[in-house]
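Asks: Below is one structure. I have some questions about it.
Protein chains: 2
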Amino acid sequence: MINVAVLGYGTIGAGVVQVLQTNVESIAKNAGQPIVVKRILDLREFPGDPNEKLVVHDYNIIKEDEDIQIVVECMGGLNPAYTFVKTALEQGRSVATSNKELVAKYGAELIATARANACNFLFEASVGGGIPLIRPLTSCLTADVIQEITGILNGTTNYMLTKMGEEGRAFEDVLKEAQERGYAELHPEADVEGYDACRKIAILTSLISGYQVNFEDIHTEGITHITAEDFRYAKAMNSGIKLLAKSWKKDGNNYAMVAPMLVGHDHPLYAVRDVFNAIFVHGNMVDDIMFYGKGAGKLPTASAVVSDVVESAKALGVNHRIFWSPEKLSLQSLAKCEGRYFVRMDKEVSPEDIEESFGPVDYISVDGIDETAFVTGIMTEGSYRRAAASLGHVIQMIRVYSKS
Amino acid sequence: MINVAVLGYGTIGAGVVQVLQTNVESIAKNAGQPIVVKRILDLREFPGDPNEKLVVHDYNIIKEDEDIQIVVECMGGLNPAYTFVKTALEQGRSVATSNKELVAKYGAELIATARANACNFLFEASVGGGIPLIRPLTSCLTADVIQEITGILNGTTNYMLTKMGEEGRAFEDVLKEAQERGYAELHPEADVEGYDACRKIAILTSLISGYQVNFEDIHTEGITHITAEDFRYAKAMNSGIKLLAKSWKKDGNNYAMVAPMLVGHDHPLYAVRDVFNAIFVHGNMVDDIMFYGKGAGKLPTASAVVSDVVESAKALGVNHRIFWSPEKLSLQSLAKCEGRYFVRMDKEVSPEDIEESFGPVDYISVDGIDETAFVTGIMTEGSYRRAAASLGHVIQMIRVYSKS
Numbered sequence: 450m451i452n453v454a455v456l457g458y459g460t461i462g463a464g465v466v467q468v469l470q471t472n473v474e475s476i477a478k479n480a481g482q483p484i485v486v487k488r489i490l491d492l493r494e495f496p497g498d499p500n501e502k503l504v505v506h507d508y509n510i511i512k513e514d515e516d517i518q519i520v521v522e523c524m525g526g527l528n529p530a531y532t533f534v535k536t537a538l539e540q541g542r543s544v545a546t547s548n549k550e551l552v553a554k555y556g557a558e559l560i561a562t563a564r565a566n567a568c569n570f571l572f573e574a575s576v577g578g579g580i581p582l583i584r585p586l587t588s589c590l591t592a593d594v595i596q597e598i599t600g601i602l603n604g605t606t607n608y609m610l611t612k613m614g615e616e617g618r619a620f621e622d623v624l625k626e627a628q629e630r631g632y633a634e635l636h637p638e639a640d641v642e643g644y645d646a647c648r649k650i651a652i653l654t655s656l657i658s659g660y661q662v663n664f665e666d667i668h669t670e671g672i673t674h675i676t677a678e679d680f681r682y683a684k685a686m687n688s689g690i691k692l693l694a695k696s697w698k699k700d701g702n703n704y705a706m707v708a709p710m711l712v713g714h715d716h717p718l719y720a721v722r723d724v725f726n727a728i729f730v731h732g733n734m735v736d737d738i739m740f741y742g743k744g745a746g747k748l749p750t751a752s753a754v755v756s757d758v759v760e761s762a763k764a765l766g767v768n769h770r771i772f773w774s775p776e777k778l779s780l781q782s783l784a785k786c787e788g789r790y791f792v793r794m795d796k797e798v799s800p801e802d803i804e805e806s807f808g809p810v811d812y813i814s815v816d817g818i819d820e821t822a823f824v825t826g827i828m829t830e831g832s833y834r835r836a837a838a839s840l841g842h843v844i845q846m847i848r849v850y851s852k853s
Numbered sequence: 450m451i452n453v454a455v456l457g458y459g460t461i462g463a464g465v466v467q468v469l470q471t472n473v474e475s476i477a478k479n480a481g482q483p484i485v486v487k488r489i490l491d492l493r494e495f496p497g498d499p500n501e502k503l504v505v506h507d508y509n510i511i512k513e514d515e516d517i518q519i520v521v522e523c524m525g526g527l528n529p530a531y532t533f534v535k536t537a538l539e540q541g542r543s544v545a546t547s548n549k550e551l552v553a554k555y556g557a558e559l560i561a562t563a564r565a566n567a568c569n570f571l572f573e574a575s576v577g578g579g580i581p582l583i584r585p586l587t588s589c590l591t592a593d594v595i596q597e598i599t600g601i602l603n604g605t606t607n608y609m610l611t612k613m614g615e616e617g618r619a620f621e622d623v624l625k626e627a628q629e630r631g632y633a634e635l636h637p638e639a640d641v642e643g644y645d646a647c648r649k650i651a652i653l654t655s656l657i658s659g660y661q662v663n664f665e666d667i668h669t670e671g672i673t674h675i676t677a678e679d680f681r682y683a684k685a686m687n688s689g690i691k692l693l694a695k696s697w698k699k700d701g702n703n704y705a706m707v708a709p710m711l712v713g714h715d716h717p718l719y720a721v722r723d724v725f726n727a728i729f730v731h732g733n734m735v736d737d738i739m740f741y742g743k744g745a746g747k748l749p750t751a752s753a754v755v756s757d758v759v760e761s762a763k764a765l766g767v768n769h770r771i772f773w774s775p776e777k778l779s780l781q782s783l784a785k786c787e788g789r790y791f792v793r794m795d796k797e798v799s800p801e802d803i804e805e806s807f808g809p810v811d812y813i814s815v816d817g818i819d820e821t822a823f824v825t826g827i828m829t830e831g832s833y834r835r836a837a838a839s840l841g842h843v844i845q846m847i848r849v850y851s852k853s
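Chains A and B, in that order, give the protein sequences. Under my numbering, the first sequence is numbered contiguously, ending at residue 853. Under my numbering, the second sequence is numbered contiguously, ending at residue 853.
Dropping the structure here:
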């Protein structure tokens, strides 16, 4: 029998306890022995909760309980999560976490601590919620050189963009609905400004490169400037607009960015609707693959956390190597990356001036929108920016997604 | 350094050698040491091939070479593949295979042999080609009770159905094109009659149930009877037609079948086009997830085989448990499963007679097709069959896919 302590009895923590107490038999079979929740750390009391008596308020009780072999961290935030996780790993206890801030900031260090103490620091739930992604990347796609990962990593914004695209509604309108349905926070910046997706792509880039990627280094744009008109153009181009977190390698350089992009209808990311997440991966041998599922939610996220608990239980005393060194990865400036750009301008600009600045372009028109819109040819983002700045009159620019 | 022998130097075998010789560095890093192809078994000679000197014609040379630690089987067919694999496992050598016939027939036995000899029998490439699927099922979704797996597991038929749906063409016409492009065999029965998908869903059902499923027990229909008219109806219902291999558990009973089904446009399997494969999984905690990618092809399939080689290299001397007992799983008769049925009838039958037999139905009409078509309400397949047999006049029946 393996005893687990769960830190944090909020939504995810309660989900972890629920999964462990519901799928008792199948989890015991997969882990090789029963897994039991012995302690739950939370500052609050939970009167009437069936696990009421497991709740403690002092981490030292868990630290000093020698029966505890695996620690689950679902508190969120950097502190005291970091201190508790570090302490547990130093005691040789494996830790499973759903905390993307913790992983993005301290992943390299905590992986090294786990290795030094013959245990494991696992974080399947930190990216893509319930979607098996981290372990497939680290233990399935081991024959490939991963050249690109592009993900819809934030369910809230994908829900909003789906509503805007399918119902022709405005950003503020769908934000309000998302807040009413509990998909978006009252302060929605982490989602709508792309910060959440940014931390997740930082984690994925660290994993595929083996080096530390600081999320602050990743160019990040949100969706607050996307309008119903943009979707009308997208439809005319047989495309959707998705908030993509993209990380890729080209000519030996690493790039990463988060931004809304136009996705053509024949790409599998196009069909990812509603709150779902999906992660598209291109390897030099396996070609294109995609993982799809619920990127958030109590039980899907808890499912991923518990799968890490099972993995830890199967590997007691054995560290499974994850390559993520503290050495920093230099990301190449986006100015050097190449792509095509969808641009909306007011009508004052002449085709001659446009083509002088941007070269040959493909014009797009939509009934009832009185402006000039086009898609550029392939150019570096630096060239695009210079052309746009010198010409002026740009109402909107959305990058056109293409496989790198 | 780990020495590998590759059995069979056809498309997949040559792909395995190519992957191992191309991604040398990243594979060595992931495996913890370099992996080298020492011998290739094939009856043919390969004059001019860079690996010409590695080719041997006698399996005993490999069997007696004590340097060989891992064997890759890409010969296909049951014999002599079975004998060679069994011998290797009995020698304590891990085996990676892409051979779905071998896995479907002898999976339980070879897994037990590997366990008894502290090595591994791995078969990631046998279902879904390059898509990481088997290991995610056995080592990621370990917190869940898997309630359904539904896959597009055959790229050839998905290519054909995509062409029929998007271009309004007839079965024979797209089959000819698929044959010309090398996607379909001259004798295409294994694909178009669903036999290939049947073996794959048998493997997946064995893995999620833990018991042996004989592919002969799985109800299997192909796509030879699907017509351009069916696709016109499908379009009117905002659906596609896909050859689905479905395995599910309901009220304690296990069901499995392979058949063309109508898939609604809001289901992620709808968007899986061309030669791609996808596997939709529903777990009681993780909810819906899907894995997407190339289900065939030299390098994608080889990528999966080599990922098994890496996994074997990381686990030399250690067996990773896979639950697949030789005890047989009883599949429930399809007559007892519930669903909705799309039915086309000639016009002679009156609505009164239809509703008397099938209960309330939703009628579908398509310009220029002079017949009666409808979708039934939810009924057991047994009830459907009795109603259809007693009423007669059925031109076509296609099941409507729904999550079980």
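Idealized CB from N, CA, C, for every residue including glycine.
What are the partner residues of R488 of chain B, as DSSP defines its beta bridges?
Replies: B:A454
Asks: Against chain A, with Cβ distances strictly below 8 angstroms, would T605 of chain B count as a contact?
Replies: no
Asks: Between the segment 544–557 of chain B and the segment 477–493 of chain B, do three or more beta carbon pairs fall short of 8 angstroms?
Replies: no
Asks: Closer than 6 angstroms by C-beta to P749 of chain A: which residues in its own chain qualify, once you throw out the five before and the five after it? Chain order, please.
Replies: G578, G579, K743
Asks: Residue ranges of each beta strand (DSSP E) run of no fewer than 3 residues wholly in the segment 658–702 of chain B, ordered along the chain?
Replies: Every beta strand (DSSP E) of 3 residues or more that sits fully in the segment 658–702 of chain B is shown, in chain order, as 688–699.
Asks: Please list, in chain order, the residues of the segment 573–601 of chain B that have any C-beta partner in chain A closer than 8 angstroms.
Replies: E573, G579, I580, P581, R584, P585, S588, C589, L590, T591, A592, D593, V594
Asks: State the beta-bridge partners of N726 of chain B as determined by DSSP.
Replies: B:G742
Asks: CB-CB under 7 angstroms to C913 of chain A, same chain, minus the five flanking residues each way: which ones, in chain order?
Replies: This structure cannot speak to residue 913 of chain A, because chain A is shown only from 450 to 853.
Asks: According to DSSP, simplified to helix, strand and coil, what is V594 of chain B?
Replies: The three-state reading of DSSP puts V594 of chain B in coil, since its state is none of H, G, I, E or B.
Asks: Measuring only the C-alpha atoms, how far is R630 of chain A from A720 of chain A?
Replies: 22 angstroms
Asks: How close, in whole Å, do the beta carbons of L711 of chain B and Y531 of chain B come, if the pair is a contact with beta carbons under 8 angstroms?
Replies: L711 of chain B to Y531 of chain B, Cβ: 39 angstroms. No contact.
Asks: On the DSSP bridge list, what partners appear for A822 of chain B?
Replies: B:R793, B:I813
Asks: For V455 of chain A and V466 of chain A, which I take to be in contact (beta-carbon distance under 8 angstroms), what is that distance rounded to the nearest angstrom?
Replies: 6 angstroms
Asks: P809 of chain B and G826 of chain B look like a contact to me (Cβ under 8 angstroms); what is the Cβ gap, rounded to whole Å?
Replies: P809 of chain B to G826 of chain B, Cβ: 6 angstroms. Contact.
Asks: Provide the residue(s) that pair with F570 of chain B in DSSP beta bridges, ordered along the chain.
Replies: B:V544
Asks: Relative to the C-alpha of I461 of chain B, which candidate in B:K691, B:I489, B:V485, B:N452 has its C-alpha closest?
Replies: The residue with the shortest Cα to Cα distance from I461 of chain B is B:I489.
Asks: Measuring from the CB of E665 of chain A, is there a heavy atom of the ligand MG at a distance below 7 angstroms?
Replies: Judged by which ligands are present, the structure shown has none, so any question about the ligand MG falls away.
Asks: Beta carbon of W773 of chain B, beta carbon of S655 of chain B: below 8 angstroms?
Replies: Cβ distance < 8 angstroms, so W773 of chain B and S655 of chain B count as in contact.
Asks: Quick one: using the 10 Å Cβ neighbour count with 16 as the cut-off for buried, is S782 of chain B buried or exposed?
Replies: Per the 10 Å Cβ criterion, exposed.
Asks: Once DSSP output is grouped into helix, strand and coil, what is the label at P709 of chain B?
Replies: strand
Asks: Kindly list the residues whose CB is nearer than 8 angstroms to the CB of E626 of chain A, restricted to its own chain and excluding five residues on each side of it in sequence; keep chain order.
Replies: K612
Asks: State whether the segment 595–609 of chain A contacts the segment 574–594 of chain B, with contact taken as three or more CB pairs (one from each stretch) at a distance under 8 angstroms.
Replies: No, the segment 595–609 of chain A does not touch the segment 574–594 of chain B.
Asks: Within 8 angstroms of any Cβ in chain B, is that where the Cβ of A530 of chain A sits?
Replies: Chain B, which has no Cβ nearer than 8 angstroms to the Cβ of A530 of chain A, makes this no.
Asks: Does the beta carbon of D700 of chain A sit closer than 8 angstroms to a beta carbon anywhere in chain B?
Replies: no
Asks: Among the candidates B:A708, B:N687, B:T673, whose CA atom is the shortest distance from the CA of I667 of chain B?
Replies: B:A708
Asks: So who's on the other strand from L780 of chain A, going by DSSP bridges?
Replies: L780 of chain A pairs with A:N703.
Asks: In the DSSP output, what is T829 of chain B paired with across the bridge?
Replies: As a beta-bridge residue in DSSP terms, T829 of chain B pairs with B:E787.
Asks: Between K942 of chain B and chain A, is there a C-beta pair that is closer than 8 angstroms?
Replies: Since the first and last residues shown for chain B are 450 and 853, residue 942 of chain B lies out of range.
Asks: What is the DSSP secondary structure of M609 of chain B, reduced to helix, strand or coil?
Replies: helix
Asks: Helix or strand or just coil, what does DSSP make of D737 of chain A?
Replies: strand
Asks: Less than 7 angstroms between C-beta atoms, sequence neighbours within five positions excluded: which residues of the same chain meet that for A677 of chain A?
Replies: M613, G617, R618, A619
Asks: Mind checking D811 of chain B: buried by the 16 CB within 10 Å criterion, or exposed?
Replies: Counting Cβ neighbours within 10 Å, D811 of chain B comes out exposed, since fewer than 16 surround it.
Asks: If we count the other Cβ atoms within 10 Å of its Cβ and call it buried at 16 or more, is E760 of chain B buried or exposed?
Replies: buried
Asks: By the DSSP assignment, the alpha helix (DSSP H) with Q628 of chain A in it spans what residues?
Replies: Annotation for Q628 of chain A: the continuous alpha helix (DSSP H) segment containing it runs 620–629.
Asks: What are the boundary residues of the beta strand (DSSP E) that includes I517 of chain A?
Replies: 517–522
Asks: Quick check on M686 of chain B - is its C-beta less than 8 angstroms from some C-beta in chain A?
Replies: no
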